[in-house]
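Quick notes on the structure that follows.
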Amino acid sequence: MTRHQFAKLTVAMTLILLAAGGLVTSTDSGLSVPDWPLSYGTMFPPMVGGIRYEHTHRLIAALVGLMVGTLAVWTWRADARRWVRWLAGGAFAAVLTQAVLGGLTVLWVLPAPISIAHACLGQLILSGLACVALVTSPAWARVGGWGAGAPLIRRRGLQAMAALFIQLVLGAVIRHTGRFVWAHAAWAVVAIVSLLRLAASLRHAPELPARWRIRASFLAWLVVAQGAIGVVVWRTGAQWAWLSAGHVLIGAVLLAAVCVTAVAAHHATHQAQIS
Amino acid sequence: MRREPQYTWMFLAGVLVAIGCGSRPQDAAATSQEQGGAKPVRLAQATEGSGVAPAPAGSGTIRGTVKFSGAQPAATHIKMDADPQCQLQHKEPVSKQDVVVNPNGTLQHVFVYVKSGLEGQTFAPPADAVVLNQHGCMYQPHVMGIQVGQPLEIVNGDATLHNVNCKPANSKPFNIAQPVQGMKSKKQFTAQEIMVKCACNVHPWMAAYVGVLPHPYFSVSGEDGGFSLNRLPAGDYTVEAWHERFGTQTKTAHVGDGETASVDFDFSG
Chain A
235 MTRHQFAKLT VAMTLILLAA GGLVTSTDSG LSVPDWPLSY GTMFPPMVGG IRYEHTHRLI
295 AALVGLMVGT LAVWTWRADA RRWVRWLAGG AFAAVLTQAV LGGLTVLWVL PAPISIAHAC
355 LGQLILSGLA CVALVTSPAW ARVGGWGAGA PLIRRRGLQA MAALFIQLVL GAVIRHTGRF
415 VWAHAAWAVV AIVSLLRLAA SLRHAPELPA RWRIRASFLA WLVVAQGAIG VVVWRTGAQW
475 AWLSAGHVLI GAVLLAAVCV TAVAAHHATH QAQIS
Chain B
268 MRREPQYTWM FLAGVLVAIG CGSRPQDAAA TSQEQGGAKP VRLAQATEGS GVAPAPAGSG
328 TIRGTVKFSG AQPAATHIKM DADPQCQLQH KEPVSKQDVV VNPNGTLQHV FVYVKSGLEG
388 QTFAPPADAV VLNQHGCMYQ PHVMGIQVGQ PLEIVNGDAT LHNVNCKPAN SKPFNIAQPV
448 QGMKSKKQFT AQEIMVKCAC NVHPWMAAYV GVLPHPYFSV SGEDGGFSLN RLPAGDYTVE
508 AWHERFGTQT KTAHVGDGET ASVDFDFSG
């Protein structure tokens, strides 16, 4: 297995972890296991009721922690680029911080600021790991040929990242306090517009490789789906746990996709300037 | 890109070490038991005293009934299949406890208490604990009262594990594990509050409501819809009735020494 393949596997596992975490919140199972780091004093409590969600989340988190740790050590020893080493090392440090935040949410009975930070950091970790997967890929060396559209894509990518991050925080506030639903709904317009603008700039960059234009279409459809799911979750009072968790997961995928696009566009712009 | 299998092996070794570190559930459960009591707790034991105030000074009584008018909500059955141990304890389907209308048209699980009229008086909390039992994966009682500073004994009467997550706004919240049948934990509320919700996140249908008061004049309507606030000092009182779905209603009453005042409430669906 190559490091890039392992990084992609880690990203996939982190997505599953985020889905599991979303289900914990959506089913109100976060406090079904009152102790931490063990669960009812053991690593394998009976998997009944809410414990199924909470403990599964913990087990997947432990696995992801090991994977990110392995990826960090591997990158630190195998990658000559200093910034990539720090990116992978930073991802591991963030995972450790995330574990502590998760523990504190349990031990301090879901304090809203900690729970919100836990929800947001999880998605940032996914984005960071997706970037590690990008910069360790063989395609990274070929990103340079994006042509004149790269700076515009970079700018719109950064705008979309900022819009999505604010939307992520607002979403986490709703899920952990039940407040500011209107702000999340209103800001969704900004987030959707910024994402569609990014997708449009990707679609209309003539020198961009075909796979990036396909990704742009995927991004646009995903944004539309996310908006529709958000409306359904809102109007039904988040009564379907799977749908709410899906909304969280798609939000995480969008943020990671935009982050990867912005980093690639930055690299392409930089490469163009050098050449 | 060069393949470097040693890191993959390193990761797999880490997974194996993590799995190997797990302790046995029964050992852990035994160490986390707070107050012994391995014997199962009988239901009769557990409900003693809950929602019933001890007798302080005074000889007045406020007595009444909580009636229910309007359309009776259809009983909603609880799905307990998330935990086979819960299902095993019930031969018949179990209904939700949020709205229980008695055959005589009265409403159960209404917390009735003296809201005002006792200002300036202090009442020492009883030393006896009020018991909140978990039996058949349901809280017993569903609604109860307790004095500020009075011990609350939480009992796991089930052969399955529970967490007890109480979220008072005015006292310190707690979330405790009760993995062993017969396990008992003692807690206290340090400030008045109407009402404190306690819930089990393992079994999301489980909820109990605790009225925390600085005095002992409270009661919960039962199977006949009646309530009684006993041994009140003579005076004028505001009495409030609280229901988890239908909110609150307030009435006033005057009680003289040795007298019984009648107060009825009427909630509608």
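Going down the list, the sequences are from chains A and B.
Using my numbering, you'd call the opening residue of the first sequence number 235 and step up by one each time.
Using my numbering, you'd call the opening residue of the second sequence number 268 and step up by one each time.
Glycine is no exception: its CB is placed at the ideal position from the N, C-alpha and C atoms.
Residue i: first and last residue of the uninterrupted alpha helix (DSSP H) it sits in
| i | result |
| --- | --- |
| Trp-317/A | 316-341 |
| Cys-353/B | 351-355 |
| Trp-374/A | Taken as a continuous stretch (DSSP letters only), Trp-374/A belongs to no alpha helix (DSSP H), as it is neither H nor E. |
| Ala-394/B | Taken as a continuous stretch (DSSP letters only), Ala-394/B belongs to no alpha helix (DSSP H), as it is neither H nor E. |
| Trp-270/A | Neither: Trp-270/A is in no alpha helix (DSSP H) and is coded neither H nor E. |
| Ser-451/A | 444-469 |
Cβ neighbours of residue i in the same chain (closer than 7 Å, five flanking residues each side left out)
| i | result |
| --- | --- |
| Trp-310/A | Arg-319, Ala-322, Gly-323 |
| Phe-414/A | Leu-404, Val-407, Ile-408 |
| Gly-255/A | His-291, Gly-356 |
| Gly-275/A | Asp-269 |
| Ala-312/A | Arg-237 |
| Ile-400/A | Trp-421 |
| Leu-392/A | Ala-496 |
| Gly-502/B | Gly-384, Val-522 |
Close-in-space but distant-in-sequence residues of the same chain around residue i (CB under 6 Å, 5 per side omitted)
| i | result |
| --- | --- |
| Leu-489/A | Gln-357, Ser-361, Leu-398 |
| Gly-525/B | Ser-326 |
| His-501/A | Val-377 |
| Leu-385/B | His-482 |
| Tyr-504/B | Val-381, Gly-384, Ala-520 |
| Ala-305/B | With a pLDDT of only 31 at Ala-305/B, under the threshold of 50, the placement of this residue in the model should not be trusted, and no figure is reported. |
| Ser-260/A | Ala-475, Ser-478, Ala-479 |
Beta strand (DSSP E) segment containing residue i, residue limits
| i | result |
| --- | --- |
| Thr-519/B | 514-522 |
| Glu-539/B | Only positions 268 to 536 of chain B appear in this structure, which leaves residue 539/B out of reach. |
| Phe-335/B | 327-336 |
| Val-381/B | 378-383 |
| Val-477/B | 474-480 |
| Lys-454/B | 451-454 |
| His-510/B | 502-510 |
| Ser-529/B | 527-529 |
| Ala-253/A | Counting along the chain, Ala-253/A falls outside any beta strand (DSSP E), though it belongs to the alpha helix (DSSP H) covering 237-260. |
| Gly-493/B | 493-499 |
| Leu-419/B | 419-423 |
Option nearest residue i by Cα separation, candidates the options
| i | options | result |
| --- | --- | --- |
| Ile-408/A | Ile-359/A, Pro-385/A, Ala-351/A | Ala-351/A |
| Cys-365/A | Leu-330/A, Ala-417/A, Arg-286/A, Leu-305/A | Leu-305/A |
| Thr-517/B | Val-377/B, Lys-382/B, Lys-363/B | Lys-382/B |
| Pro-372/A | His-418/A, Lys-242/A, Ser-509/A, Ile-508/A | Lys-242/A |
| Leu-419/B | Lys-358/B, Ala-394/B, Val-366/B | Ala-394/B |
| Ile-418/A | Ala-506/A, Gly-461/A, Leu-265/A | Sequence inspection shows His at residue 418/A; the Ile mentioned does not correspond to that position. Among Ala-506/A, Gly-461/A, Leu-265/A, the Cα nearest to that of His-418/A belongs to Gly-461/A. |
| Gly-381/A | His-504/A, Leu-252/A, Met-235/A, Ile-250/A | His-504/A |
| Thr-411/A | Pro-345/A, Ala-459/A, Val-267/A | Pro-345/A |
| Ala-375/A | Ser-349/A, Gln-401/A, Arg-315/A | Arg-315/A |
| Gly-299/A | Pro-280/A, Met-277/A, Met-247/A, Trp-317/A | Met-247/A |
| Ser-273/A | Ala-253/A, His-289/A, Val-258/A | His-289/A |
| Val-477/B | Ser-336/B, Phe-485/B, Pro-471/B | Phe-485/B |
| Glu-376/B | His-429/B, Asp-350/B, Ser-488/B, Phe-456/B | As written in the sequence, residue 376/B is His, which differs from the Glu given in the question. Checking every option, the nearest Cα to that of His-376/B belongs to Ser-488/B. |
| Ile-461/B | Met-473/B, Val-469/B, Lys-434/B | Lys-434/B |
| Val-267/A | Gly-284/A, Val-302/A, Leu-436/A | Gly-284/A |
| Leu-363/A | Leu-429/A, Ala-506/A, Ile-508/A, Gln-239/A | Gln-239/A |
| Arg-469/A | Leu-252/A, Ile-359/A, Trp-416/A, Val-340/A | Trp-416/A |
Three-state class that DSSP yields for residue i in the structure shown
| i | result |
| --- | --- |
| His-409/B | coil |
| Ile-345/B | coil |
| Lys-363/B | coil |
| Arg-413/A | coil |
| His-291/A | helix |
| Thr-276/A | strand |
| Ala-384/A | helix |
| Gly-356/A | helix |
| Glu-315/B | Below a pLDDT of 50, predicted positions are generally treated as unreliable, and Glu-315/B, at 36, falls in that range; no measurement from the model is reported. |
| Leu-344/A | coil |
| Thr-503/A | helix |
| Ala-444/B | strand |
| Gln-401/B | strand |
| Thr-373/B | strand |
| Trp-481/A | The question names Trp, but residue 481/A in the sequence shown is His. Helix at His-481/A. |
| Ser-486/B | strand |
| Gln-388/B | coil |
| Cys-288/B | With a pLDDT of 46 at Cys-288/B, under the threshold of 50, the modelled position of that residue is not reliable, and the figure given next carries that caveat. Coil. |
| Val-494/A | helix |
8 Å contact criterion, which residue i and residue j should meet: CB distance rounded
| i | j | result |
| --- | --- | --- |
| His-409/B | Ala-342/B | About 15 Å separates the two Cβ atoms, so there is no contact after all. |
| Cys-404/B | Cys-465/B | Actually they do not touch by this definition, with Cβ atoms about 14 Å apart. |
| Asp-262/A | Pro-471/B | 6 Å |
| Ala-325/A | Val-245/A | Actually they do not touch by this definition, with Cβ atoms about 10 Å apart. |
Contacting residues, own chain, Cβ-Cβ under 8 Å from residue i (five flanking each side not counted)
| i | result |
| --- | --- |
| Val-467/A | Trp-474, Leu-477, Ser-478, His-481 |
| Met-347/B | Cys-353, Gln-354, His-357, Val-361, Cys-404, His-470, Trp-472 |
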